[in-house]
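Last residue of the sequence shown: 175 (our numbering), numbering continuous.
For every residue, glycine included, the Cβ atom is placed at its ideal position computed from N, Cα and C.
A short worksheet on the structure shown next.
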Amino acid sequence: MKLRKDYIESLSQRLVQRLVQKGCIKVHVDPKILYARISNTIIQDLKVEDDLDEEVRKILAGYSQQMRQQNIEYHEMFQMVKRKLAKERNLIL
Numbered sequence: 083m084k085l086r087k088d089y090i091e092s093l094s095q096r097l098v099q100r101l102v103q104k105g106c107i108k109v110h111v112d113p114k115i116l117y118a119r120i121s122n123t124i125i126q127d128l129k130v131e132d133d134l135d136e137e138v139r140k141i142l143a144g145y146s147q148q149m150r151q152q153n154i155e156y157h158e159m160f161q162m163v164k165r166k167l168a169k170e171r172n173l174i175l
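And the structure:
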């Protein structure tokens, strides 16, 4: 995960507080429950991307020698494969 859990929790709290201040939402539950739900949603979404990254690494591991021989940049190929898989799975990154 690219973000620390405590940062995500803080971000969730600030998000809810700003939405309440601007009158965009009204909170009818304990704010801590709402913070936790938002944090968990963000964490789950980040995990999907982490899992996708791991899958791309595994795919590219089988082609590392060919990529070196053909002078293909790993990072560029990583991004290309990741975008392709995300599109096939209807993921928004």
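Endpoints, the alpha helix (DSSP H) within which residue i is located
| i | result |
| --- | --- |
| H157 | Y156 to E170 |
| I120 | P113 to A143 |
| Q195 | Absent from the model: residue 195. The displayed extent of the chain is 83 to 175, so no value can be given. |
| Q148 | S146 to Q151 |
Buried versus exposed call for residue i [16 or more other C-beta atoms within 10 Å across all chains shown]
| i | result |
| --- | --- |
| K166 | exposed |
| S94 | buried |
| K164 | buried |
| Y117 | buried |
| V109 | exposed |
| V138 | buried |
| I107 | exposed |
| I115 | exposed |
Beta-carbon separation (whole angstroms), residue i vs residue j, contact threshold 8 Å
| i | j | result |
| --- | --- | --- |
| L173 | L134 | 7 Å |
| M159 | L142 | 6 Å |
(message) Would you call the segment 147-156 in contact with the segment 113-129, where contact means no fewer than 3 C-beta pairs closer than 8 Å?
(response) Counting Cβ pairs under 8 Å, fewer than three are found: no touch.
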